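These notes are about the structure you will find just below.
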Amino acid sequence: MKIGIFGGTFNPIHVGHAIIANYVIHHCGIDKLWLMVSPLNPFKVQQGEVNDEHRLRMASMVSSKLENVETSAFEFTLPRPSYTVDTLNALSQKFPDDEFYLIIGADNWEVFDRWCGHEELLEKYHVMIYPREGYNIEIPAKYKHHATAIGAPVVEVSSTVIRDELKQLNNMCFYLPDDVYRYILNHKLYLE
């Protein structure tokens with residue numbers, strides 16, 4: 001089975017994440033897509049994350065509405081800091097009959113050469129890169145068989161902006177799925 005891994009802190013998950021997940025599952029030849037909620041992004045150590053359980057619940061609200069999309073807490077079982085190469089290698093060991101594809105944005109592709117184990121990722125797995133405003137997707141010739149730019153819609157919604165706006169008590173109902181927005185308000189998340 002071809003499984004796409006769309007990782008992130010999802011702090012919070014928003015409509016942009018849902019649109020990308022939906023696009024990948026319907027247009028990229030993937031059988032399943034896992035929203036891989038990360039306990040820690042090594043590049044964003046101090047980002048004021050809400051507790052892990054809240055982020056997992058919100059991601060599950062989104063995945064439950066998308067065909068062949070699931071939320072995974074697999075990275076929470078791995079040592080921290082959690083690096084993508086370790087996650088994919090552990091997944092490959094646990095599910096040897098499945099083929100894993102990494103889904104990342106053009107912003108991450110631009111700094112991909114700084115990722116721990118980036119060469120190993122490109123040797124063992126296929127990377128699908130979705131567009132982001134202001135970023136070009138240039139794939140060196142040596143990686144053409146291991147990385148693909150996908151034609152997903154450009155959705156410029158940022159979890160950082162959403163958190164900042166929520167702190168100001170601004171309405172974010174168009175940026176967040178309805179149940180996620182209600183969950184955030186009911187649990188008073190991102191208000192501090």
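Quick note, the sequence shown lines up with residues 1 to 192 if you use the UniProt record's numbering. Where a beta carbon is used, it is the ideal one built from N, C-alpha and C, also for glycine. Since this is a predicted model, take the numbers as computed values, not measurements.
Do His126 and Tyr101 have their C-beta atoms within less than 8 Å of each other? Going by C-beta atoms, His126 is nearer than 8 Å to Tyr101.
Inter-residue spacing [alpha-carbon to alpha-carbon] between Pro81 and Ala90: Computed Cα separation, rounded: 14 Å.
Let's test the definition: count the other Cβ atoms within 10 Å of the Cβ of Glu75 and tell me whether it reaches 16, buried, or not, exposed. Residue environment for Glu75: buried (at least 16 other C-beta atoms within 10 angstroms of its C-beta).
From the DSSP output, in three-state form, read off Ala147 for me. Three-state DSSP puts Ala147 in a strand.
Contact under 8 Å by Cβ, Leu35 with Ala59: In this structure, Ala59 lies closer than 8 Å to Leu35 by Cβ.
Counted within 10 angstroms of its Cβ, other Cβ atoms place Asn11 as buried (16 or more) or exposed: So Asn11 counts as buried.
Would a C-beta distance cut-off of 8 Å place Ala152 and Val24 closer than the cut-off? Taking 8 Å as the cut-off, the Cβ atoms of Ala152 and Val24 count as close.
Nearest-angstrom beta carbon gap, Met61 and Asp179 [assumed within contact, 8 Å]: Yes, they are in contact, since the Cβ atoms of Asp179 and Met61 sit about 5 Å apart, within 8 Å.
Inter-residue spacing [alpha-carbon to alpha-carbon] between Val176 and Lys94: This sequence places Leu at residue 176; Val is not what is there. Each residue's Cα considered, the two are about 33 Å apart.
For Gly4, three-class secondary structure by DSSP: The DSSP-derived three-state label of Gly4 is strand.
Since Met172 and Asp98 are thought to touch, with beta carbons under 8 Å apart, how far apart are those beta carbons, to the nearest angstrom? Not really, about 36 Å apart at Cβ, beyond 8 Å.
Residues bridged to Thr71 by DSSP? The bridge partners DSSP lists for Thr71 are Leu35.
Just the C-alpha distance for Glu156 and Lys124, rounded to the nearest angstrom, thanks. When rounded, the distance between both Cα atoms is 30 Å.
Assuming Phe6 contacts Ile20 (C-beta within less than 8 Å), just tell me the rounded distance between them. The pair is a contact, with the Cβ atoms about 7 Å apart (cut-off 8 Å).
With a CB to CB cut of under 7 Å and the five nearest residues on each side skipped, what residues in its chain are close to residue 194? There is simply no residue 194 to check, as the chain begins at 1 and stops at 192 in what is shown.
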